[in-house]
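So the sequences go chain by chain: D and W.
Counting from 1, position 81 in the first sequence corresponds to residue 80 in our numbering; the numbering is continuous, with no gaps.
Counting from 1, position 82 in the second sequence corresponds to residue 88 in our numbering; the numbering is continuous, with no gaps.
Read the structure below first, then the notes.
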Amino acid sequence: MTRMSEKNFSVLVTLVVLTIFWLLLSPLTVDIYKFFIGELHHEHIPHVLFLLGSAIISIAIVTVISHDLMIKKEEQMWLKFKRLLAYLPWELYQILLANLDVAYRAIHPKSFESGRSGGMFGVGPIDPEIIQFETTLRSDLSLVTMANSITLTPGTITILVDPPIGKFWVHAIAKAPADALLVDQSMQKKVAHVYLEEG
Amino acid sequence: MFSLDLIVNGVTVALFVIGLFFMFSGAIGFLRFPDFYTRLHATGKCDTLGEILIIVGLIIYDGLSPLSAKLLFLSFFMLLANPAGTHAMMRAAYVTGVRPWKRGEARQ
């Protein structure tokens with residue numbers, strides 16, 4: 000694995016991913032399993048073999064055409080992958096919070112036009128603004144993770160990204176979610192930790 | 007005693023109801039929020055969790071099967087595609103100069 004070239008690595012990953020994907024989606028998987036343990040009725044064998052052969056040929060063609068689009072070999076990839084898996088539960092929890100947040104703002108009884116007078120929860124539920132901030136992130140993968148995370152977490156959606164300086168334009172639905180990105184910055188730190196890009 | 011079927015059906019129905027609640031609040035937000043950007047907040051976020059909860063309910067109903075694996079893939083792609091689509095619309099509106107709503111203005 001350590002001596003494998005970049006091209007061989009991406010070809011291998013593409014082959015494995017495509018094969019698993021085909022096996023999961025194909026209704027023939029059960030028949031193929033029966034064929035290998037010798038329980039398939041002999042009338043069906045030519046048919047299954049033909050489809051298995053065409054599957055192998057199509058997987059090979061797709062691999063040759065598109066292996067360079069799959070994940071490239073990176074520095075310390077295994078460590079990044081493990082950290083990404085550790086990051087996902089927090090992200091799923093944030094998705095739940097985001098939905099409760101939007102649901103609360105949507106069914107809040109106060110009307111939005113009436114300005115800033117009281118209401119049941121003091122200040123009314125929405126006060127949109129567009130904010131900008133710079134991060135230490137530079138690589139494609141970390142910027143995509145960050146942009147997707149911003150859109151999935153409470154009250155914020157990514158508008159634009161400027162990769163060379165790691166700058167984000169973000170639409171926030173109220174002041175609290177904007178401050179979570181501008182002041183607290185816990186998400187930037189988590190994503191930078193995952194991709195080893197801490198400034 | 008509670009049978010296994012009853013528990014599975016109960017969990018499925020509970021997940022469906024929670025998912026439908028989120029889809030419903032997303033639709034309300036879509037109608038009530040004042041401008042393009044805030045309306046995208048409602049549809050972009052609530053639909054993600056609502057759909058995923060409904061799919062998880064279907065996975066529990068079906069048990070371990072090829073269909074469950076396909077549904078799991080579906081929810082994974084939704085998790086990737088939904089924020090990307092929301093961002094694309096947001097960006098298109100921002101680049102073409104749709105003006106964001108500020109507090110105290112009338113609805114658009």
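Glycine residues also receive a C-beta, built at the ideal position from the N, C-alpha and C atoms.
Along the alpha helix (DSSP H) that carries residue i, what are the first and last residues, could you check?
i, result
"D/Glu5", "5–24"
"W/Thr44", "42–68"
"D/Glu133", "It is not in any alpha helix (DSSP H) - D/Glu133 instead sits in the beta strand (DSSP E) that spans 128–133."
"D/Asp183", "Segment: none, D/Asp183 is in no alpha helix (DSSP H) and carries neither H nor E."
"D/Asp161", "That residue, D/Asp161, is in no alpha helix (DSSP H); its beta strand (DSSP E) goes 155–161."
"W/Ser74", "72–101"
"D/Tyr92", "76–106"
"W/Lys108", "No alpha helix (DSSP H) contains W/Lys108, which DSSP labels as neither H nor E."
"D/Ala146", "139–151"
Would you say residue i reaches chain W, if we count a Cβ-Cβ gap shorter than 8 Å as a contact?
i, result
"D/Ala105", "yes"
"D/Val61", "no"
"D/Pro88", "no"
"D/Leu23", "yes"
"D/Pro108", "no"
"D/Arg115", "Its pLDDT being 46, under 50, D/Arg115 is placed unreliably in this model, and the value from its coordinates should be taken loosely. Answer yes: the Cβ-Cβ gap between D/Arg115 and chain W drops below 8 Å somewhere."
"D/Ala179", "no"
"D/Met119", "Reliability of the predicted coordinates at D/Met119 is poor, the pLDDT of 40 falling under 50, and no value is obtained from them."
"D/Ala146", "yes"
"D/Pro127", "yes"
"D/Ile44", "no"
Any C-beta of chain D sitting closer than 8 Å to the C-beta of residue i?
i, result
"W/Thr102", "no"
"W/Ile34", "yes"
"W/Gly50", "yes"
"W/Ser74", "no"
"W/Thr18", "no"
"W/Ile65", "no"
"W/Ser81", "no"
"W/Arg97", "yes"
"W/Arg105", "no"
"W/Phe28", "yes"
Report the residue from the options whose alpha carbon sits nearest the alpha carbon of residue i.
i, options, result
"D/Lys6", "D/Lys189, D/Ala177, D/Glu73", "D/Glu73"
"D/Ala173", "D/Asn147, D/Glu128, D/Lys188", "D/Glu128"
"D/Met76", "D/Ile60, D/Ser9, D/Phe34", "D/Ser9"
"W/Ala20", "W/Gly35, W/Ile61, W/Gly32, W/Cys52", "W/Ile61"
"D/Glu90", "D/His40, D/His41, D/Ile164, D/Ala146", "D/Ala146"
"W/Leu10", "W/Gly25, W/Val104, W/Ala75, W/Ile66", "W/Ile66"
"D/Leu11", "D/Ala54, D/Phe35, D/Ala59", "D/Ala59"
"W/Ser71", "D/Ser138, D/Pro163, D/Ser25, D/Leu17", "D/Ser25"
"W/Val14", "W/Gly69, W/Ser74, W/Leu85, W/Asp53", "W/Gly69"
Helix, strand or coil for residue i? Go by DSSP, reduced to three states.
i, result
"D/Lys239", "Nothing about residue 239 of chain D can be read from this structure; chain D reaches only from 0 to 198."
"D/Leu27", "coil"
"W/Gly16", "helix"
"D/Ala54", "helix"
"D/Ala173", "coil"
"W/Met29", "helix"
"D/Pro45", "helix"
"D/Ser65", "helix"
"D/Ile60", "helix"
"W/Phe8", "coil"
State the CB to CB distance for the pair residue i and residue j, rounded to an integer number of angstroms; the pair is presumed to be in contact (CB under 8 Å).
i, j, result
"D/Thr135", "D/Glu197", "6 Å"
"W/Phe28", "W/Leu59", "7 Å"
"D/Thr13", "W/His93", "About 27 Å; that fails the 8 Å criterion."
"D/Val47", "D/Asp30", "5 Å"
"W/Lys108", "D/Val101", "That belief does not hold up - the Cβ atoms of W/Lys108 and D/Val101 are roughly 19 Å apart, past 8 Å."
"D/Thr150", "W/Pro106", "Actually they do not touch by this definition, with Cβ atoms about 17 Å apart."
"W/Ala99", "D/Leu23", "With 8 Å as the limit, W/Ala99 and D/Leu23 do not qualify as a contact, their Cβ atoms being about 38 Å apart."
Quick one: is the Cβ of residue i within less than 7 Å of any heavy atom of the ligand FMN?
i, result
"W/Met96", "Absence of the ligand FMN from the depicted structure is noted, as is the absence of any ligand whatsoever, leaving it without description."
What in chain A is Cβ-close to residue i, meaning under 8 Å?
i, result
"D/Val101", "Checking the listed chains, one finds no chain A in this structure; the protein chains it contains are D and W."
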